[in-house]
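Visitor:
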Amino acid sequence: MVSESDVDESAETDNGGRRRTLWAVSDLHVAARGNRDLVDLTVRPENPGDWLIVAGDVAERTSTILDTLRSLSEKFAQVIWVPGNHELFSRSSDEVHAAQKYEELVKGCQSMGVLTPEDPYPRFAGRTIVPMFTLYDHSWRDPLVTVERALSAAEGNGVVFTDQVAIAPYVDVPLWCQRRLGYTVRRLSTVSGPTVLVNHWPLVREVTARLRLPEVALWSGSRHTQDWPVRFGAETVIYGHLHIPVVTEVEGVRHVEVSLGYPRERERTLEQRRERNLWPYPVLTESAGEEAG
Ligand SMILES: [Fe+2]
1 MVSESDVDES AETDNGGRRR TLWAVSDLHV AARGNRDLVD LTVRPENPGD WLIVAGDVAE
61 RTSTILDTLR SLSEKFAQVI WVPGNHELFS RSSDEVHAAQ KYEELVKGCQ SMGVLTPEDP
121 YPRFAGRTIV PMFTLYDHSW RDPLVTVERA LSAAEGNGVV FTDQVAIAPY VDVPLWCQRR
181 LGYTVRRLST VSGPTVLVNH WPLVREVTAR LRLPEVALWS GSRHTQDWPV RFGAETVIYG
241 HLHIPVVTEV EGVRHVEVSL GYPRERERTL EQRRERNLWP YPVLTESAGE EAG
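Start counting the sequence shown at 1; every next residue gets the next number (the UniProt record's numbering).
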C-alpha cells in the first residue's frame, strides 16, 4: 500500500524551536460510558507543537473512529494512529469487513493528515517513530499444543475473544498476521538509529505475564516479534490491548502500555496516573533549541 523505504525527514524540523512532547494513548474505547468525555477533557496538548500516538481500540464504528481522530488531529500538531482489534470488528450486515475496513480507515486517516502504518515513518526528537500493525497468530501458547486445541481449551475456560465472531469469519487472521509481519520487517530493515515502535498488540511475551487470564495471550501478539525491539533499535515500545497500564523493561527496552480501558479499569488507575503525569503518557520531549540526536 506504500513505498518501501520511507522515513519522512521533513516532519522533524516543524517545531519552530519550541518545547514539544510526543504523547501516547491507546484503548480509548470512546463508545464506553464516560470515555469520550474523558478523552475530550484529558487528551490535550501542553504545547502547540505536541504530537499524539493513538495505539488502537478507539472504537468499533468507522465514523466514530474517524470523528475521534479528527477531533484529536485538530488539537495536536500530528496524530499517529495504529489499529487495534476493535477497529477491525464488523457485523455480517456491514458493507466492509476486516482488511477492507482497515483500508477504509487508512484512507480516512490519510485524508485528514493522520499518520498510519502505511505512511512514511516520521521522526521526532531524533528518533524514528514506527507505527505498526502486526495482529496476532495464536503463537503465544504452549508449543506442544496445536492452535485448535489451545483455542478450544481457552473456550473451555470461558475465554473467547469477540474477534472470533467479528474478525475471524472474514479473514484468516494468522495469515494476515504473517503478511503484516513481512511487510513491517521489510520496512523496519531500512531504518537506522533509535526508534519508538508503536503497535496495538505487545511485541514481547514477558508483558503478558501480568494477565489474570493467561489464555488472553493467544489473541495478543506473535512470537515472531520477540526480538524486534532490540533488533530494530527501540528505546521505547508503545502498546495497548491488555488494559494493564504498566511500564516493563525487557532487555533494556522500555515497554509501555498506555491504555485508558473500560470504565471499571480506568477508575482503578487513571487518577494515580494523572497525578504522576503518566496519562497521556509522555514518550519524548524536545526542549527549545535542543538538537535532536
Ligand atoms: Fe482495548
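Backbone N, C-alpha and C define an ideal beta-carbon position, used for all residues, glycine too. In this text the structure is predicted, and so the values were computed from the model without any measurement.
As a quick exercise: from 109, 193 and 56, pick the residue whose alpha carbon is nearest that of residue 134.
Guide: Translated into positions along the sequence shown, residue 134 becomes position 134. Residue 134 has its Cα closest to that of 56, out of 109, 193 and 56.
Visitor: Can you grab the Cα-Cα spacing for the pair residue 292 / residue 235, in whole Å?
Guide: Sequence index remark: in the sequence shown, residue 292 carries index 292 (1-based). Sequence index remark: in the sequence shown, residue 235 carries index 235 (1-based). Note that residue 292 scores a pLDDT of 48, beneath 50, so its modelled location is shaky; the value from the coordinates is reported in the next line. C-alpha separation (whole angstroms): 15 angstroms.
Visitor: Taking 9 angstroms as the cut-off, decide whether the C-beta atoms of residue 161 and residue 197 are in contact.
Guide: Here the question's residue 161 lines up with position 161 in the sequence shown. Here the question's residue 197 lines up with position 197 in the sequence shown. Not a contact, by the Cβ cut-off of 9 angstroms.
Visitor: Please state whether DSSP places residue 182 in a helix, a strand or coil.
Guide: As a working note, residue 182 is residue 182 in the sequence shown. Note: residue 182 maps to helix in three-state DSSP.
Visitor: Closer than 5 angstroms between the C-beta and any heavy atom of ligand 1: which residues qualify, listed along the chain?
Guide: 27 and 57
Visitor: Would you grab the beta carbon distance between residue 31 and residue 59 for me? Rounded to a whole angstrom, and I think it's under 8 angstroms.
Guide: For the purposes of this step, residue 31 is taken as residue 31 along the sequence shown, with counting starting at 1. For the purposes of this step, residue 59 is taken as residue 59 along the sequence shown, with counting starting at 1. Yes, they are in contact, since the Cβ atoms of residue 31 and residue 59 sit about 5 angstroms apart, within 8 angstroms.
Visitor: The alpha helix (DSSP H) spanning residue 153 covers which residue range?
Guide: As a first step, residue 153 is located in the sequence shown; it is residue number 153 there, counting from the start. 147-156 is the span of the alpha helix (DSSP H), which, as asked, contains residue 153.
Visitor: From 98, 47, 132 and 39, pick the residue whose C-alpha is nearest to that of residue 187; which is it?
Guide: Here residue 187 refers to the residue found at position 187 when the sequence shown is read from its first residue. Nearest C-alpha to residue 187: 132.
Visitor: What does the alpha-carbon distance come out to for the pair residue 71 and residue 192?
Guide: Taking the sequence shown and counting its residues from 1, the one referred to as residue 71 is at position 71. Taking the sequence shown and counting its residues from 1, the one referred to as residue 192 is at position 192. Cα-Cα distance, rounded: 33 angstroms.
Visitor: With 16 other CB atoms within 10 Å as the buried threshold, where does residue 284 fall?
Guide: Here residue 284 is taken as the residue at index 284 of the sequence shown, counted from 1. Residue 284 is buried by the Cβ-count criterion.
Visitor: Are residue 255 and residue 206 touching if we call contact CB-CB under 9 angstroms?
Guide: Residue 255 sits at position 255 when you count from the first residue of the sequence shown. Residue 206 sits at position 206 when you count from the first residue of the sequence shown. Yes, they are a contact pair.
Visitor: Grab the span of the alpha helix (DSSP H) containing residue 52 for me, first residue to last.
Guide: Indexing the sequence shown from 1 puts residue 52 at position 52. First-last for residue 52: 51-54, but that is the beta strand (DSSP E), not the alpha helix (DSSP H).
Visitor: Should residue 20 be labelled buried (16 or more other beta-carbon atoms within 10 Å of its own) or exposed?
Guide: Along the sequence shown, read from residue 1 onward, the residue named residue 20 stands at position 20. When all chains shown are included, residue 20 counts as buried.
Visitor: Please state whether DSSP places residue 255 in a helix, a strand or coil.
Guide: For the purposes of this step, residue 255 is identified with residue 255 of the sequence shown, where counting begins at 1. Strand at residue 255.
Visitor: Looking at the secondary structure, which residues open and close the alpha helix (DSSP H) in which residue 102 lies?
Guide: Residue 102 sits at position 102 when you count from the first residue of the sequence shown. Its alpha helix (DSSP H) spans residues 98-111.
Visitor: Leaving out five residues before and five after residue 113 in sequence, what residues of the same chain have Cβ atoms less than 7 angstroms from its Cβ?
Guide: Looking up residue 113 in the sequence shown gives position 113. Closer than 7 angstroms at the Cβ level, and outside the excluded window around residue 113, lie 73.
Visitor: Confirm, please, whether the CB-CB distance from residue 169 to residue 92 is below 9 angstroms.
Guide: Translated into the one-based positions of the sequence shown, residue 92 becomes position 92. Translated into the one-based positions of the sequence shown, residue 169 becomes position 169. Their beta carbons are under 9 angstroms apart, which means residue 92 touches residue 169 by this criterion.
Visitor: Check each candidate in 18, 183, 95 and 40 and name the one with the smallest Cα separation from residue 225.
Guide: Numbered from 1 along the sequence shown, position 225 holds the residue referred to as residue 225. Measuring from the Cα of residue 225, the nearest candidate turns out to be 183.
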